[in-house]
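Okay, so here's the structure we're looking at.
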Amino acid sequence: MTFASYRGRFAPSPTGPLHVGSLVAAFGSWLMARHAGGEWWIRIEDLDPPREVPGAADAQLRTLAAFGLVSDGPVVRQSARHGLYRAALDRLLARGSAFPCRCSRSDLAAVDGIHRACRAGAHRAEVSIRLRVADRDPVSFDDLLHGRVEQDVAAAVGDFVLLRADGFWAYQLAVVVDDADQGITHVVRGADLLDSTPRQILLQRALELPTPAYAHLPLVVDAAGQKLSKSLAALPVDGADPLPALRLAWRALGQHPDALDGIGAVGRILTRAVDEFDPAAIPRDPIGFAALHNGAVIERA
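Following this line, the structure appears as C-alpha cells:
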C-alpha cells in the first residue's frame, strides 16, 4: 500500500439509508480531502449484524455515487477483516494490555458503568476483552475544528471493551486497526464521536500505530436537539435528485449559501464546492434540521 500525504475516509454503518446528517459527514470529509489535494476512501463498518439492514450497504454506496462521492481506493467491509482485528487483540493480550472480563452492565451499574477492576461475584458466562487503562493518564489532542481536547479516560470511561461478550468486535478496536491499515491520515467525522477519540489514541499507542489528525463536524439535530439519525426527521436523501441535498449539506457546513446556486449538474457543483470551500467557516455547534430545510443561513464567524 502507498501512503498519501492526505487520505481521508467516510465510514458509514449499514443500519439504513443515508440521511442528511450522514450526507453532511460524507460531503464534509470529501471536501476536506479535496481541499488538501488528498484522497477520500469509503469503508463499510458492518460489524454489528443485529443492527444491520440487509442491502443497506450497497444502497448507501449507490446513493453516494449519485452525489458524485466515489471512493478513491477500494471499498472495504469490516466484516471481511476479522483476521486483522484478531491479530491486534492477540498482541494486546500477549503484552498484558488487554484482559478478559466477565462483568456485565448490571455488575457495573453501581460505578456508573465505569470499569476499573472486575467486580467481585461477576460470573457472566460470556467473556469480553477490555483494554487496561492506566490511572491518571489523560489523553489530549488538537481537533482541527474544536481545538484542544483532553479526557481522563480512566475516570470518564474506564477499561473499555475491545471484543464484546456476544463475540462481535467493538467499534474502538476495529476503527483503529482499519485507519492504520488503510493509511488514513485525517479522520473527519461527526462530533458525536469526539469523545471516542481519546480511547482510540490510547489504543493506537498500545498497538504502536500512528495517530491521524482529527476533525469533528457539526451534527444535524431535530427540534429536540437529538441527533438526526435517531429522529423521525432522518428521512433518506434522494439520489435521484441530489442537488438540493448537496446544497443543504453545504449550508450545514457553514459555507457561503449562494456559492452553489445556478449549477445544474453534480460534477459541476462539486467542482465549484472545492473551489469555494472554506474549512474555517465550519461551525462547531449542532445545526437544526428545520432551519436548514427552510433555507436558513448559518452565521459565519
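The opening position of the sequence shown corresponds to residue 212 in our numbering, with each subsequent residue numbered one higher.
We treat Cβ as the ideally placed atom computed from N, Cα and C, and that holds for glycine.
Since this is a predicted model, take the numbers as computed values, not measurements.
Count the other CB atoms within 10 Å of the CB of Ala460; is the residue buried (16 or more) or exposed (fewer)? buried
Pick out whichever of Pro223, Ala333, Ala237 and Ala222 has its Cα sitting closest to the Cα of Pro429. Ala237
I believe Gly219 touches Ser240 by the beta-carbon criterion, under 8 Å. Please report the beta-carbon distance rounded to the nearest angstrom. 5 Å
Name the DSSP beta bridge partners of Val398, please? Tyr425
For Ala402, tell me which candidate among Pro494, Gly284, Arg262 and Gly266 has the shortest Cα-Cα distance. Pro494
By how many angstroms is the C-alpha of Ile480 removed from the C-alpha of Ile474? 6 Å
My assumption, with CB atoms under 8 Å, is that Leu242 sits in contact with Ala484. Please give the rounded CB distance. 6 Å
Spell out a yes or no on whether the stretch 312-322 and the stretch 281-289 are touching, meaning 3 or more CB-CB pairs, one atom from each, closer than 8 Å. no
If distances are taken between C-alpha atoms only, which option among Leu342, Thr422, Arg288 and Val322 comes closest to Ala305? Leu342
In whole angstroms, what is the alpha-carbon distance linking Leu295 and Glu487? 40 Å
Anyone know if the C-beta pair for Leu414 and Gln383 falls short of 8 Å? yes
Same chain, Cβ closer than 8 Å to Asp354, neighbours up to 5 away in sequence not counted: Val360, Leu405, Thr408, Tyr425, Ala426 and His427
Which residue comes first and which comes last in the alpha helix (DSSP H) that contains Val387? Tyr382 to Asp392
Span separating the alpha-carbon of Val235 from that of Leu464: 7 Å
C-beta atoms of Val231 and Ile253 nearer than 8 Å: no
Measure the beta-carbon distance from Gln289 to Asp389 and round it to whole angstroms, keeping in mind my assumption that it falls under 8 Å. 7 Å
How is the alpha helix (DSSP H) around Ser240 delimited, first residue to last? Val231 to His246
Once you ignore the five residues that flank Asp257 on each side, which residues in its own chain have a CB closer than 8 Å to its CB? Ser224, Pro225, Glu263, Ala268, Arg288, Gln289 and Ser290
Cross-strand partners of Val432 (DSSP beta bridge): Lys438 and Gly499
Taking the Cβ atom as the reference point for each residue, do Ala391 and Pro349 lie within a distance shorter than 8 Å? no
Option in Glu337, Gly499 and Ala244 with minimal Cα separation from His397: Ala244
Where does the unbroken beta strand (DSSP E) through Pro453 begin, and where does it stop? Not the beta strand (DSSP E): Pro453 falls in the alpha helix (DSSP H), residues Pro453 to Ala463.
For Arg375, which residues from the same chain have a beta carbon less than 8 Å from its beta carbon, with the 5 sequence-adjacent residues on both sides left out? Ser339 and Ala381
Among Leu303, Pro260 and Phe221, which one has its Cα closest to the Cα of Glu250? Phe221
Do you know how far the Cα of Ala417 is from the Cα of Ser308? 7 Å
Starting from Glu487, trace the alpha helix (DSSP H) in both directions and tell me its first and last residue. Val477 to Glu487
Would you give the residue range spanned by the alpha helix (DSSP H) that Gly294 belongs to? His293 to Arg306
Pick helix, strand or coil for Ile255, following the three-state DSSP scheme. strand
Where does Leu466 fall in DSSP's three states? Sequence check: residue 466 is Gln here, not Leu. Three-state result, Gln466: coil.
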